[in-house]
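Student: The first sequence runs 177 to 534 under our numbering. Glycine residues also receive a C-beta, built at the ideal position from the N, C-alpha and C atoms. Everything numeric in this text was worked out from a predicted model, so none of it was measured. Next up is a structure, given as structure tokens.
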Amino acid sequence: MESPLSRDARGLSKALVGWFHSSKRDLPWRRNRTPWRTWVSEVMLQQTTVDTVAPRFEAFVTQFPDPHSLAAASDDAILAAWAGLGYYRRIRSLRDGARSCVEAFGGEVPRTQAALMKLPGVGPYTSGAIASLAFGEPVAAIDGNVGRVASRLLGIRVDPSTAKGRKSIESELIPLIPKDAAGAFNEALIELGALVCKPSFADCGRCPIRDWCVATDGDPMHYPLKRARKASVAVRCVRAFVPDGCHVWTTRIPDGQRLAGFQELPGRWLAPGESADTALQGVLGSLGFSEVSVGDTVANCHHVITHHRIEVSVHRVEARPPQVSGGSLARIERSLLSSASVTTETRKVARYLLKDRR
DNA sequence: AAAACGTGGAA
DNA sequence: TTTCCAAGTTT
């Protein structure tokens with residue numbers, strides 16, 4: 177009961193891989209493809225665009241050229257190296273994964289999908305990508321691109337973002353992967369999704385595998401199935417700009433919270449209807465400040481984090497700092513408000529604070 | 001299995 | 001402006 181597609185898997189992979197070799201983009205991680213560079217790039221690319229990653233990749237692997245160097249790095253160092261890329265759990269996981277490679281394998285990257293899956297931050301996609309691209313193991317690597325391309329190619333109406341959807345795609349995709357070119361096949365599928373078979377336009381006229389595609393004679397945009405996203409929520413946030421000579425007071429976000437380890441101006445989200453003055457009095461009071469006087473707004477900015485749209489207003493505040501230091505309170509030079517030690521929101525605020533507006 | 005997790009750019 | 005998307009993983 178072989179389908180025409182599986183019988184001609186050879187032709188499909190030849191056409192796909194041939195197209196890839198002539199059409200692929202020149203990307204940093206494709207030059208000198210080592211297991212470590214592949215691991216780093218795949219983690220950096222998780223939910224992050226090529227345009228964002230490309231200018232950051234070489235600097236990162238220069239600073240951390242192998243698992244040993246990253247394994248030895250401090251929290252502050254890895255956060256600064258990842259600042260602005262988002263999803264900061266990724267870099268802690270990557271460092272922890274590098275540490276376990278150093279301890280268990282002498283600093284070598286595991287060579288199989290099964291072994292890679294045991295590393296923190298390495299899931300079904302990333303393990304498949306490293307195993308196939310770096311080591312040639314004939315396993316699937318189903319990211320957003322491949323989920324979409326395979327859905328259309330095979331005519332599968334499933335949601336690739338669910339475990340069930342991925343499994344059904346995987347079971348039909350694996351037989352198509354050539355044993356002697358698994359990496360090129362998988363990367364070609366990814367590249368095809370990125371360049372041709374796009375979410376809002378399939379562009380079948382330019383597709384190297386349209387002859388094998390179920391969706392071309394129907395409606396490619398009918399695939400894949402996708403679930404509704406969670407609605408975004410608007411929140412207001414107040415922060416205090418408390419200058420102290422050429423320094424400014426900040427707080428360091430504690431472990432376990434989102435953006436843990438970064439510094440930001442003291443403040444918090446407002447409850448509906450709550451006043452900025454009350455909130456800032458409370459925040460600074462609990463940090464140990466006294467004689468708190470909340471002044472004018474000195475900066476406004478808009479920031480989005482996951483599904484929250486945040487309107488930030490920063491007030492100038494005069495206050496007497498606590499005598500004993502401790503807890504999350506910190507003090508940094510004003511110029512560091514635009515450095516990698518603070519949150520991205522803080523760097524946005526700093527653009528207003530330190531210079532012009534709008 | 002749904003929700004959380006960052007950010008910037010395109011539609 | 002709002003929504004969607006980008007080489008996902010974890011809980």
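Can you tell which of T519, Y528, T210 and V525 has its C-alpha closest to the C-alpha of L261?
Tutor: Nearest of T519, Y528, T210 and V525 to L261, Cα basis: T519.
Student: Kindly indicate which residue of E234, R265, A455 and R405 has the alpha-carbon position closest to the one of L435.
Tutor: The candidate whose alpha carbon is nearest that of L435 is R265.
Student: How is R534 classed by DSSP in three states: helix, strand or coil?
Tutor: Unreliable positioning characterises R534 in this predicted model, as indicated by a pLDDT of 38, which lies under 50. The coordinate reading is nonetheless provided below. Of the three classes helix, strand and coil, the one that applies to R534 here is coil, per DSSP.
Student: Straight-line CA distance for D272 to G299?
Tutor: Approximately 15 Å, taken between the alpha carbons.
Student: Thinking C-beta only, is L441 closer than 8 Å to V490?
Tutor: Closer than 8 Å, so yes.
Student: Assuming H244 is part of the alpha helix (DSSP H), what are its boundary residues?
Tutor: Per DSSP, H244 belongs to the alpha helix (DSSP H) from P243 to A247.
Student: Going along the chain, which unbroken runs of the beta strand (DSSP E) with 3 or more residues stay wholly within the segment 466 to 509?
Tutor: The qualifying runs are 466 to 481, 484 to 496 and 505 to 509.
Student: For the beta strand (DSSP E) containing H423, list its first residue and its last residue.
Tutor: Looking at the DSSP string, the run of the beta strand (DSSP E) that includes H423 is H423 to R428.
Student: Give the range of the alpha helix (DSSP H) segment to which G304 is assigned.
Tutor: First-last of the alpha helix (DSSP H) with G304: P300 to F311.
Student: Around the Cβ of A317, are there at least 16 other Cβ atoms within 10 angstroms (buried) or fewer (exposed)?
Tutor: Buried, by the Cβ-count rule.
Student: Taking only the alpha-carbon atoms, compute the straight-line gap between E279 and A357 and give it to the nearest angstrom.
Tutor: For E279 and A357, the distance between alpha carbons rounds to 32 Å.
Student: Please name the residue or residues paired with A410 in a DSSP beta bridge.
Tutor: Answer is R485.
Student: DSSP beta-bridge partners for P448?
Tutor: P448 is not bridged to any residue.
Student: How big is the Cα-Cα spacing for M177 and A326?
Tutor: Because the pLDDT of M177 is 39, which lies under 50, any placement of that residue in the model is unreliable, and the question is left without a value.
Student: Is D532 buried or exposed, if buried means 16 or more other CB atoms sit within 10 Å of its CB?
Tutor: Confidence at D532 is low in this model, with a pLDDT of 46, below 50, so the placement of that residue is unreliable and no value is reported for it.
Student: What three-state label does DSSP hand M177 in the structure shown?
Tutor: Because M177 carries a pLDDT of 39, less than 50, the predicted location of this residue cannot be relied on, and the following value inherits that uncertainty. Residue state, collapsed to three classes: coil.
Student: Could you tell me whether the Cβ atoms of F417 and V424 are closer together than 8 Å?
Tutor: Closer than 8 Å, so yes.
Student: Which runs of the beta strand (DSSP E), 3 residues or longer, sit entirely within the segment 336 to 420?
Tutor: The segment 336 to 420 contains these whole beta strand (DSSP E) runs: 409 to 417.
Student: Going by beta carbon distance, what residues of the same chain come within less than 7 Å of R333, once the five residues before and after it are set aside?
Tutor: Taken in chain order, the residues that qualify are Y399 and L401.
Student: Need the endpoints of the alpha helix (DSSP H) that M220 sits in, please.
Tutor: From DSSP, the alpha helix (DSSP H) with M220 extends over P211 to M220.
Student: Measuring straight from C-alpha to C-alpha, what distance separates R403 and D335?
Tutor: Cα-Cα distance, rounded: 7 Å.
Student: Whose C-beta lies closer than 8 Å to the C-beta of R209 among residues of the same chain, with five residues either side of it excluded?
Tutor: The answer, listed in chain order, is L309 and A310.
Student: Count the other CB atoms within 10 Å of the CB of Q439; is the residue buried (16 or more) or exposed (fewer)?
Tutor: Per the 10 Å Cβ criterion, buried.
Student: Compare the C-alpha of L203 against each of R507, E363 and P375 and name the closest.
Tutor: The shortest Cα separation from L203 among R507, E363 and P375 belongs to E363.
Student: What separation, rounded to the nearest whole angstrom, lies between the Cα atoms of R386 and I353?
Tutor: In a straight line, the C-alpha of R386 is about 17 Å away from that of I353.
Student: Could you give the first and the last residue of the continuous alpha helix (DSSP H) run that contains L203?
Tutor: It is not in any alpha helix (DSSP H) - L203 carries neither H nor E in the DSSP assignment.
Student: If distances are taken between C-alpha atoms only, which option among Q223, D252, S217 and T454 comes closest to P231?
Tutor: The candidate whose alpha carbon is nearest that of P231 is S217.
Student: Three-state secondary structure (DSSP) at E284?
Tutor: The answer is coil: DSSP assigns E284 none of H, G, I, E or B.
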